[in-house]
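Going by the working numbering, the residue at position 94 of the sequence shown is 86; the numbering climbs one at a time, nothing skipped.
Ideal Cβ positions, reconstructed from N, Cα and C, are used throughout, including at glycine.
None of the values given here were measured: they were computed from a predicted structure.
Below: one structure, written as structure tokens.
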Amino acid sequence: MPRAKTRAPIRLAPGEGRTYAMGPLRAVFKADGAETRGRYSISEWWLDPYTRGPGAHQHEEDDVFFVLEGTMSFFVGGEWIDAPKGSFVVAPGGTPHDFENRTAKRAGALNISVPGDFEPHMEGIAAWFRARPTADSRTTNAPRTRKRA
């Protein structure tokens, strides 16, 4: 049996990776298809307070989430759940899912997508988030801002 080529190790310090700024959201890719031969993709997703995610969507890849900070809300299995730091959530491929931060503090989750050729789509995804009106990025429970007279 032929021996598989060895992949190069990946070492990143805290905060390192390829960053995609999307207004009140930020994704930091740690590894993707090019580094993993398409086996998985690993990224951090950081949401400012009261920030919506992409909206319910589904795709073939499994999405695995581990909450790193704060409390993230996930739509999976047909319902919303609140997932505090340390929570583990899996959306199997084909399962409608979404995420958002409904709290007054920043929240973040580590995402593992299997298989992993997610990052090539990020330029389009980031452009969509940046073009989304600010009001559409706010969760329904966000405090309303008062207009000054």
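- A buried status is given to Gly100, since no fewer than 16 other beta-carbon atoms sit within 10 Å of its beta-carbon.
- In the structure shown, Ala75 adopts extended strand secondary structure according to DSSP, grouped into three states.
- In the structure shown, Ala48 adopts coil according to DSSP, grouped into three states.
- Of the candidates Ser33, Pro1, Trp38, Trp38 places its Cα closest to the Cα of Gly7.
- Taking a cut-off of 8 Å for Cβ pairs, the stretch 30 to 46 and the stretch 94 to 114 touch, as three or more such pairs fall below it.
- Counting along the chain, Ile34 sits inside the beta strand (DSSP E) bounded by residues 33 to 39.
- Taking each of Arg18, Glu92, Ala83 in turn and checking the Cα distance to Ser105, the smallest one comes out for Ala83.
- Residues Leu39, Asp40, Thr43, Ser129 of the same chain have their beta carbon placed closer than 7 Å to that of Pro16, with the five preceding and five following residues left out of the count.
- Sequence-distant Cβ neighbours of Phe21 in its own chain, meaning closer than 6 Å and more than five residues away, are Gly9, Arg10, Ser35, Glu111.
- For His113, the number of other beta carbons within 10 angstroms of its own is below 16, and it is reported as exposed.
- In the pairwise beta carbon analysis, the stretch 71 to 83 is classified as not touching the stretch 117 to 133: fewer than three pairs are separated by under 8 Å.
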